[in-house]
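Under numbering that gives the first Met the number 0, the first residue of the sequence shown is numbered 0, with each subsequent residue one higher.
Beta carbons are placed, not taken as given, at the ideal position from N, Cα and C, and that holds for glycine.
It should be emphasised that the depicted structure is a prediction, and the values quoted were computed from it without experimental measurement.
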Amino acid sequence: MNTTIDIQKTSTSTISEVDFNNLPFGQVISDHMYVCDYKNGKWQQPKILPYQNFSLDPSARIFHYGQSVFEGMKAYKDNDEQIWLFRPLENQKRINISSGRLVMPAFPENYFMDGLTTLLKLESDWIPKTKGSSLYIRPFIFATGTGFHASPADAYKFVICCSPSGPYFSGKVKVYIEEKYSRSANGGVGFAKAGGNYAGQFYPTQLAKERGYQQVIWTDDNTHEYIEEAGAMNVFVRIGNTLITSPISDRILDGITRKSVIDIAKDENISVEIRKITVSELVEASNNGSLKEMFGAGTAAVISPIHGFGYREKDYDLPDLENSYASRFKKRITDIQYNRAEDKFGWRYKV
Ligand code: PLP
Ligand code: COI
């Protein structure tokens, strides 16, 4: 490590209040956070501080123009108490791609990786060992620079917080294929992990939830004929024995779990097609029985089987398969993440 980090430890840990056998997703926050400010054209000395509130000027541009990007990662603990990350440099690169789209400064790789690993070592006891749980890690950057002029801020804050978490979804996942609202558009911000992309999804997702669905599957904003991704995950479809996923574009997040599923499928000689998928193809495959599986892939959601989809007032159910592709991918990925199996891809990263 070559980054100097000023570390201030908490004197009042809250860990004894946490029920590690019953963790929600993203609600419980660990004792410390990593913080680094950008001002006068450069990133300042990073710090680890007790988790606490920020004080911000009401004219800070995050409040007005939404300059904010984030990442989602997880830390895992194996039986020997060793801490592991999964492809963390992909997140490090992606936060800078997201920042670039919002005219925010890139965060240096060594500040990101050294801050992250130092924080995880300090928060080691917060990494759950209960099955299906992990330490969800949330790096984010937002504009602290002030003034109402609608232009990029001159000051930012980079933060990493950690949350011991259980599964993202509880129960079976049903999705609604959306044709009226769009998540993103050509030339827009869809490929970036920008806070505003998520705020814009809340209203159509709320409408879908009122009708019994957990997530929306977004279609392309132009024709609404092609399925793209879900609110917090990329989507895979299995027709016959072929796995299909939409190509990434400037409307779709380039998911790390998605890339990993594609590589594992190739490794298992499963035929994979990266191509556009029409909703009518999906409906037809469901009607003729060749639609075997749909599942979402993402850091928070891991691999989440989709049990059915709604489209134009009609519901389509998916079969419950033994030895599904989804369960195979989930096992391969989590075995690598928790250091339970060989990692031939070199994805595991020891903290
Ligand atoms: N798509 C969206 C919109 C997401 O928010 C996420 C979650 O991070 C993903 C896809 C999956 O990406 P990853 O596998 O890198 O977590
Ligand atoms: C993740 O999978 O890490 C995400 O960012 C999804 C999130 C919006 C909870």
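- K291 counts as buried, since no fewer than 16 other beta carbons sit within 10 angstroms of its beta carbon.
- The DSSP assignment places complete beta strand (DSSP E) segments of no fewer than 3 residues inside the segment 287-336 at 290-297, 301-310, 313-316, in order along the chain.
- H31 is bridged by DSSP to P49.
- One alpha carbon belongs to F111, the other to Q91, and they sit about 7 Å apart.
- Residue environment: A198 is assigned as exposed (fewer than 16 neighbouring CB atoms within 10 Å of its CB, all protein chains considered).
- The three-state reading of DSSP puts S259 in helix, counting H, G and I together.
- Per DSSP, the beta bridge partners of V68 are I140, A193.
- The three-state secondary structure of K265, taken from DSSP, is helix.
- Contact annotation, G165 with P23: C-beta distance approximately 6 Å; criterion of less than 8 Å satisfied.
- For F328, the CB contacts under 7 Å within the same chain, skipping 5 residues up- and downstream, are V260, I263, I302 in chain order.
- Here the segment 136-143 does not lie against the segment 177-185, with fewer than 3 beta-carbon pairs under 8 Å apart.
- Proximity of the segment 149-156 to the segment 115-128 falls short of the contact definition, fewer than three beta-carbon pairs being nearer than 8 Å.
- For N221, the secondary structure class from DSSP, reduced to helix, strand or coil, is coil.
- Counting other Cβ atoms within 10 Å of its Cβ, K349 stays below 16 and is therefore classed as exposed.
- Residue pairing by DSSP places R347 opposite F85 in a beta bridge.
- Residue pairing from DSSP places K156 in a beta bridge opposite D36, F141.
- D5 is bridged by DSSP to K46.
- V174 and N39 have their C-alpha atoms roughly 46 Å apart.
- Nearest to F69 by C-alpha distance, out of E321, N196, D249, is N196.
- Contact annotation, G189 with I251: C-beta distance approximately 6 Å; criterion of less than 8 Å satisfied.
- About 15 Å separates the beta carbon of Q51 from that of D5, a gap too long to meet the 8 Å contact definition.
- One Cα belongs to F294, the other to K41, and the distance between them is close to 42 Å.
- Remark: C-beta atoms of I82 and S123 approach each other more closely than 8 Å.
- Contact between Q214 and G230 is confirmed by a C-beta separation of about 5 Å, below the 8 Å threshold.
- Using a cutoff of 7 Å, the CB of I255 counts as near the ligand PLP, since one of the ligand's heavy atoms is closer than that.
- Straight-line measurement puts the Cα of L88 at about 30 Å from the Cα of T241.
- Environment of the ligand COI, chain-ordered: G71, A231, G297, T298, A299, taking every residue with Cβ within less than 5 Å of a heavy atom.
- Secondary structure at V236: strand, using DSSP grouped into helix, strand and coil.
- If you draw a straight line from the Cα of I247 to the Cα of I96, it is about 14 Å long.
- For E177, the shortest C-beta to heavy atom distance toward the ligand PLP is 7 Å or greater.
- Within the DSSP bridge table, the entry for Y175 names V215, G309 as partners.
- A distance below 8 Å between beta-carbons, with the five flanking residues on each side excluded, links N1 to the following residues of its chain, in chain order: N109, D113.
- In the assembly as shown, L320 is an exposed residue. Its beta-carbon has fewer than 16 other beta-carbons within 10 Å.
- For K73, the beta-bridge partners assigned by DSSP are Y135.
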